[in-house]
Structure formats: structure tokens, C-alpha cells
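Protein chains in written order, with the working numbering: chain A, 3 to 373; chain B, 2 to 220.
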């Protein structure tokens with residue numbers, strides 16, 4: 003598994019004390035850059051000592067980061083906005099040094115719901131889904147329940163946007179609930195939810211178990227949308243900027259490695275061993291192949307082009323949070339978006355001679371009602 | 002009462018202290034707890050630990066789809082959940098998506114966690130019980146959590162009420178302006194007209210103002 007030989011990782015320069023950097027991540031395919039960086043020794047090669055922990059819930063990652071039990075984390079892109087606003091009683095200053103992954107979520111529906119929709123080719127049109135919801139309401143059937151991984155997640159805001167684009171009110175016409183991705187398939191089976199939007203490999207796993215049908219991918223809603231970020235506790239990044247830059251460099255190197263088709267099989271093995279024991283390799287590989295249930299995705303999971311954290315892209319999530327009344331009106335854009343620090347990414351990228359990725363596609367147009 | 006040796010380790014488990022509390026005391030002061038735990042075996046151990054600390058576990062819930070109903074049925078005063086339990090995100094979702102805040106949530110950890118996590122107490126909504134905490138401290142933490150939760154909710158309600166008042170006043174002002182313009186009334190006349198409409202219809206002033214504005218827009 004050779005690294006790019008023309009751009010070796012330079013060891014970090016001076017650092018006060020070599021203490022262990024504690025990073026948390028969730029068992030999702032887009033945690034791959036962190037898992038790979040550890041497996042390939044990329045953290046070692048930038049002179050970092052890292053412990054990478056797989057966490058059980060986003061709430062636990064958030065709290066550990068906010069209260070000092072973690073130094074950095076694989077985080078949902080809208081979560082630093084929620085923490086800047088102090089939503090749900092938890093406030094924290096974070097430093098977003100890199101983006102982790104673009105695209106990569108699927109909207110997976112129960113077999114029964116997919117059958118009720120009749121034959122469709124993914125991506126399922128929002129209008130077709132909305133028609134079914136209205137028919138059910140007219141027939142007096144109970145509202146559909148769709149699950150997302152966490153309130154402040156791209157899955158949630160992209161799903162809401164898709165539903166609203168179909169003319170539905172996600173707060174009135176359906177019931178949205180939160181379920182951790184590893185429990186989604188079980189909840190589908192138990193009939194407690196009718197569908198979910200979550201990161202891979204959980205949609206492909208539900209499909210492989212015969213419990214769900216993938217109706218569309220998040221990249222169908224906003225092609226190449228930012229998905230996760232690498233966020234540091236702001237105090238840590240301010241105190242030890244060298245470590246933050248070095249860690250970002252290791253992440254960029256891992257993203258490059260992941261994008262090489264020749265490394266894909268090895269990446270799948272790493273994920274299987276570290277995060278998804280018991281999963282068939284093809285289930286994990288689907289996201290890397292850019293397929294969902296065997297069909298090619300228009301905007302599949304990408305790593306290398308997503309590492310630059312873009313404030314203007316995060317602003318789309320903030321607008322959605324405002325639109326749905328999830329953040330107080332008095333929260334200033336500048337304060338909410340302050341954690342995004344492309345300068346740290348640039349410092350790391352320079353060391354690797356990584357060129358700035360082209361501007362990703364524009365976010366979908368705001369729907370009526372967005373401030 | 003089970004002996005300590007027969008139980009898995011529970012952070013605040015201390016049978017002596019539990020026994021020190023008379024049955025009478027426990028009946029009158031016991032806290033009703035809803036435990037959310039996705040692991041049945043551990044839930045049993047935690048239930049016993051909580052009993053030692055003067056709490057009664059009135060329900061154990063793994064999937065929390067019916068949590069609001071459960072709280073209502075059992076009269077639980079506080080929800081207890083492990084920091085690393087996968088159900089945490091469902092609890093969060095309920096709060097954020099549905100504004101359902103049935104009860105304060107107290108989290109506990111089995112692994113050592115830095116002291117800062119106790120700062121979560123300051124957050125007002127959740128509280129942490131940290132590993133190794135003596136049973137004598139479990140109750141106070143829960144009581145603090147409940148107090149803060151109530152204070153927090155009161156504040157939220159006051160804020161919402163203030164926002165409503167402001168919104169209502171704005172509506173009334175706009176409806177007044179409409180009447181002044183349309184029916185060439187003076188400001189006091191317009192206000193009196195609105196008030197009469199509200200009294201006749203037995204509706205709030207704001208509601209009357211809103212429907213007046215809507216009718217005007219429709220016509």
C-alpha cells in the first residue's frame with residue numbers, strides 16, 4: 003500500500019509535548035479516512051500519537067468533544083453549527099480543519115412502502131413520494147415514520163429538503179424520528195419505521211438483508227454535498243496548531259489513498275475488520291464502487307475532493323436550520339460559521355502539495371420559506 | 002436484598018448504604034426513574050444500583066418509540082441512560098425534532114471520564130453521574146438535574162410567551178392600521194372595533210387581528 007512517493011508526508015515540526023490525540027468516530031463508511039490513516043500509519047508518519055475510538059452515538063461524540071473527553075472527532079457537518087448555537091444545552095467552540103467525504107447517504111424504504119410506490123427507477127422523484135403520502139392521508143392511514151441518524155445531520159436536512167421539494171411539510175405530513183444507523187435495519191424489520199436516510203453501509207446492509215429498497219442517494223438531492231468534517235476542540239487546536247495541521251495532513255493523505263482504485267479492496271478489508279464485522283465485503287464495497295443496490299449513483303461517495311472545508315457550503319445547512327426553526331433567529335451567521343478554518347487545511351495541503359479541489363457543485367436552490 | 006458479590010459492578014452500588022435507609026424513608030422519598038438501556042443484563046444491574054441509591058425504576062425501555070407514553074403511564078420523574086448507549090441519539094431526536102422534553106435526562110458512564118464532563122451539569126438539560134460516585138451522591142445529582150430541568154423549561158416557556166405577546170401585538174398593530182386605512186377610523190376607534198369583535202366572538206385579540214388581516218388578503 004504505497005503512499006504517493008512524490009509527496010512524502012513530512013513529520014510535524016515542533017510541538018510542545020507529544021501527547022496522545024484522542025479522536026472519536028462513528029461506524030460509517032465515511033469514517034474510512036480516519037480508520038485508514040491509523041491502519042496505514044499515516045498518523046505516525048506525521049509524528050502524531052493517536053487513539054481512534056468507535057463511538058456508539060452522535061450525542062456521545064458531541065458530549066465527549068464538548069466536555070473534554072475527546073480532542074477531535076468525525077462529525078456531522080451541521081453539528082458544529084448546533085454546538086456554536088448551544089442547541090439542546092450543549093455549547094462548544096470547535097475548529098473544523100477538514101471535510102470528510104461528500105455524498106454517501108441513502109434513503110432506504112421498507113419493502114412494503116417501496117411496493118406501495120409501484121415500480122420506480124432510482125432516484126425516486128419527491129413528487130411521487132408526496133403523492134403516496136397524500137393518498138395515505140386521504141385514506142385515513144397513519145402517517146409514515148422516517149428515521150434520520152441525528153437531528154443536526156446532513157441526512158436530516160437533505161431529507162427535509164427533498165420532502166419539502168415534493169410539497170410535503172416534514173413536521174406535519176410525516177413523523178421524523180432519530181435512530182442510530184446500526185439500529186435502522188432492525189427497526190425496519192420490526193415495522194417501527196417505514197424508511198430511513200443514513201450513511202453507508204447501513205442502507206446497503208438493509209437492502210442485502212432484504213429489509214429495504216434504496217430509493218435514492220443524498221447526492222441525488224445535492225450532488226457532492228459536504229457530509230462529515232474533522233472537528234477539533236477549539237482549545238486544543240489553538241494550543242497545539244501544529245498537531246491540528248499534522249492530523250489534517252494525515253487525513254488528506256488517507257483520502258488520496260482511498261481514491262486510488264487499486265486500494266479499494268484493502269480499504270474494504272480495513273473497514274470490515276475495524277467497523278463492520280459480519281458484513282459481506284460487497285455490502286461495504288458498494289459505496290466505494292458508487293453503486294446502490296447494483297445501480298450506479300449519479301453522485302457517489304468521494305473523499306479527496308471533499309477535504310477542503312468550505313464555509314459557504316456549511317452556510318446551506320445553516321439556512322436550512324433557520325428555515326425549520328432549529329436555531330434561534332438571533333444567532334449570527336458569522337458566529338455559527340466561525341469554526342470553519344480552511345486556512346488549517348491549506349497549511350496541511352501545502353505540505354502534501356495537494357492542490358485545492360475545484361469548487362463543488364452549488365447547493366440546491368432554497369425553497370420558499372427559507373430566510 | 003442481593004449481596005454485592007452476586008451483582009455486576011455498578012458505579013454507585015453500595016449495599017450498606019442502601020440498607021441504612023429505612024423502608025419507610027424509601028417509600029416516602031423514592032425517585033421514580035425510567036431507565037433507557039439497550040442491554041437487558043446491564044439494565045438489571047443498574048436497576049439494583051439505583052434502588053440502593055433510593056430510586057425506584059418504574060420502567061426499563063430499550064426502543065424508545067413510546068417514551069412519551071411510557072413516562073405518562075409510569076409517572077417517572079427522571080430518565081436515566083448510559084452515556085454510551087446507542088439509544089442516546091433517539092433521546093436527542095425526540096427533544097430536537099418534536100420538542101418533547103418529557104423529563105430530565107441523567108447520563109452515567111462506566112468508564113472513567115475527565116472531570117470536565119461534570120460541567121455538563123451546567124448545561125441545564127442533562128446531568129452526568131460519573132464513575133465511582135458514591136450512592137449518597139446519586140440522588141443529589143438527580144435532584145439537581147430535575148431542578149435545573151424545571152428552571153430551564155420555565156425559562157423556555159417564559160421566552161415562548163414573550164415571543165407570542167410580541168407577535169400578537171404586531172398583529173394587532175397591523176390590523177389597527179388596516180381598519181384605519183380601510184374604514185377611515187382613528188387609532189382609538191380602530192382599537193375599540195377590534196376589541197368589540199374579540200368580545201363578540203369570544204376570541205383573543207390576536208386571533209381576531211390575524212383573521213381580519215387574512216380576510217383582507219383574500220379579498
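Yeah, the Cβ is synthetic: ideal placement off N, Cα and C, and Gly gets one too.
Owing to the predicted nature of the structure, the values given are computational and were not obtained by experimental measurement.
Residue j and residue i - do their beta-carbons sit closer together than 8 Å?
i: residue 61 of chain B; j: residue 44 of chain B; result: yes
i: residue 183 of chain A; j: residue 42 of chain A; result: no
i: residue 90 of chain B; j: residue 204 of chain A; result: no
i: residue 25 of chain A; j: residue 37 of chain A; result: no
i: residue 150 of chain A; j: residue 161 of chain A; result: yes
i: residue 191 of chain A; j: residue 165 of chain A; result: no
i: residue 214 of chain B; j: residue 168 of chain B; result: no
i: residue 76 of chain B; j: residue 33 of chain B; result: yes
i: residue 366 of chain A; j: residue 158 of chain A; result: no
i: residue 196 of chain B; j: residue 186 of chain B; result: no
i: residue 1 of chain B; j: residue 58 of chain A; result: The structure shown does not extend to residue 1 of chain B, since chain B is modelled only from 2 through 220, so no value can be given for it.
i: residue 33 of chain A; j: residue 277 of chain A; result: yes
i: residue 349 of chain A; j: residue 254 of chain A; result: no
i: residue 48 of chain A; j: residue 240 of chain A; result: no
i: residue 323 of chain A; j: residue 67 of chain A; result: no
i: residue 138 of chain A; j: residue 146 of chain A; result: yes
i: residue 74 of chain A; j: residue 235 of chain A; result: yes
i: residue 93 of chain B; j: residue 242 of chain A; result: no
State the Cα-Cα distance for the pair residue i and residue j, rounded to the nearest angstrom.
i: residue 216 of chain A; j: residue 368 of chain A; result: 25 Å
i: residue 63 of chain A; j: residue 260 of chain A; result: 24 Å
i: residue 300 of chain A; j: residue 218 of chain A; result: 10 Å
i: residue 208 of chain B; j: residue 153 of chain A; result: 32 Å
i: residue 310 of chain A; j: residue 84 of chain B; result: 32 Å
i: residue 128 of chain A; j: residue 70 of chain A; result: 42 Å
i: residue 204 of chain B; j: residue 50 of chain B; result: 53 Å
i: residue 74 of chain B; j: residue 154 of chain B; result: 21 Å
i: residue 124 of chain B; j: residue 148 of chain B; result: Residue placement at residue 124 of chain B is poorly supported in this model, since its pLDDT is 44, which falls under 50; the coordinates still yield a value, given next. Roughly 12 Å separates the two Cα atoms.
i: residue 46 of chain A; j: residue 364 of chain A; result: 36 Å
i: residue 194 of chain A; j: residue 264 of chain A; result: 41 Å
i: residue 210 of chain A; j: residue 285 of chain A; result: 7 Å
i: residue 208 of chain A; j: residue 289 of chain A; result: 14 Å
i: residue 87 of chain A; j: residue 93 of chain A; result: 7 Å
i: residue 331 of chain A; j: residue 171 of chain B; result: 17 Å
i: residue 353 of chain A; j: residue 308 of chain A; result: 18 Å
i: residue 156 of chain A; j: residue 325 of chain A; result: 15 Å
i: residue 189 of chain B; j: residue 344 of chain A; result: 58 Å
i: residue 220 of chain A; j: residue 58 of chain B; result: 41 Å
i: residue 160 of chain B; j: residue 294 of chain A; result: 46 Å
i: residue 361 of chain A; j: residue 168 of chain A; result: 28 Å
i: residue 134 of chain A; j: residue 95 of chain A; result: 43 Å
i: residue 329 of chain A; j: residue 96 of chain B; result: 14 Å
i: residue 114 of chain A; j: residue 120 of chain A; result: 10 Å
i: residue 15 of chain B; j: residue 53 of chain B; result: For residue 15 of chain B, the predicted model reports a pLDDT of 33, less than 50, meaning its position is unreliable; a value from the coordinates is still stated below. For residue 15 of chain B and residue 53 of chain B, the distance between alpha carbons rounds to 7 Å.
i: residue 192 of chain B; j: residue 219 of chain B; result: 22 Å
i: residue 157 of chain B; j: residue 279 of chain A; result: 44 Å
i: residue 206 of chain A; j: residue 291 of chain A; result: 12 Å
i: residue 170 of chain A; j: residue 339 of chain A; result: 29 Å
Can you give the beta carbon distance from residue i to residue j, rounded, assuming they're within the 8 Å contact cut?
i: residue 2 of chain A; j: residue 306 of chain A; result: Shown here, chain A extends from 3 to 373; a query on residue 2 of chain A therefore has no answer.
i: residue 51 of chain A; j: residue 85 of chain A; result: About 26 Å; that fails the 8 Å criterion.
i: residue 341 of chain A; j: residue 98 of chain A; result: 5 Å
i: residue 346 of chain A; j: residue 246 of chain A; result: 6 Å
i: residue 107 of chain B; j: residue 142 of chain B; result: 7 Å
i: residue 273 of chain A; j: residue 250 of chain A; result: In fact, because the Cβ distance is near 21 Å, the residues do not count as touching under 8 Å.
i: residue 222 of chain A; j: residue 298 of chain A; result: Actually they do not touch by this definition, with Cβ atoms about 12 Å apart.
i: residue 173 of chain B; j: residue 146 of chain B; result: In fact, because the Cβ distance is near 40 Å, the residues do not count as touching under 8 Å.
i: residue 287 of chain A; j: residue 266 of chain A; result: 7 Å
Mind checking if residue i is an interface residue toward chain C, Cβ cutoff 8 Å exclusive?
i: residue 153 of chain A; result: This model lacks chain C altogether; the protein chains it does include are A and B.
What do you reckon, is the C-beta of residue i under 7 Å from a heavy atom of the ligand ATP?
i: residue 75 of chain B; result: You won't find the ligand ATP in this model; it holds no ligand whatsoever.
Exercise. If contact means a Cβ-Cβ distance below 9 Å, which residues of the segment 45-64 of chain A contact chain B?
Worked result: Listed by position along the chain: 57, 58, 59, 60, 61, 62, 64.
Exercise. Do three or more CB pairs link the segment 94-108 of chain A to the segment 190-208 of chain A at distances below 8 Å?
Worked result: Because the criterion of three Cβ pairs below 8 Å is met, the segment 94-108 of chain A and the segment 190-208 of chain A touch.
Problem set entry | Inter-stretch contact at 8 Å, needing at least 3 Cβ pairs: the segment 329-346 of chain A / the segment 294-306 of chain A | In short, these stretches do not touch, since the Cβ pair count stays below three.
Exercise. On the three-pair Cβ rule with 8 Å, is the segment 72-81 of chain B touching the segment 35-54 of chain B?
Worked result: Counting Cβ pairs under 8 Å, three or more are found: they touch.
Exercise. Is it a yes or a no for the segment 227-235 of chain A touching the segment 311-325 of chain A, going by three-plus beta-carbon pairs under 8 Å?
Worked result: The segment 227-235 of chain A makes contact with the segment 311-325 of chain A: 3 or more CB pairs, one atom from each, lie closer than 8 Å.
Problem set entry | Short-range partners of chain B found in the segment 313-331 of chain A, where Cβ spacing is below 9 Å | Residues of the segment 313-331 of chain A that bring their beta carbon within less than 9 Å of a beta carbon in chain B comprise 328, in sequence order.
For this session: Check whether the segment 166-178 of chain A touches the segment 71-84 of chain A, taking contact to mean three or more Cβ pairs, one atom from each stretch, closer than 8 Å.
Result: The segment 166-178 of chain A, when compared against the segment 71-84 of chain A, does not touch it at the 8 Å Cβ threshold.
Exercise. Quick one, which residues of the segment 178-191 of chain A are near chain B if we go by CB-CB under 7 Å, in chain order?
Worked result: Listed in sequence order: 178, 179, 180, 181, 182, 184, 185.
Problem set entry | the segment 147-176 of chain B: positions lying closer than 8 Å to chain A by Cβ | Within the segment 147-176 of chain B, the residues whose Cβ lies closer than 8 Å to some Cβ of chain A are 153, listed in chain order.
Problem set entry | Selection of the segment 28-42 of chain B by Cβ proximity to chain A, strictly under 7 Å | Residues are counted here when their Cβ sits less than 7 Å from a Cβ of chain A; for the segment 28-42 of chain B the count is zero.
Exercise. Residues in the segment 90-118 of chain A with C-beta within 9 Å of chain B's C-beta atoms, listed in sequence order?
Worked result: Those would be 90, 91, 92, 93, in chain order.
Exercise. Relative to chain A, which residues along the segment 194-219 of chain B have a C-beta separation below 9 Å, given in chain order?
Worked result: From the segment 194-219 of chain B, no residue has a Cβ closer than 9 Å to chain A.
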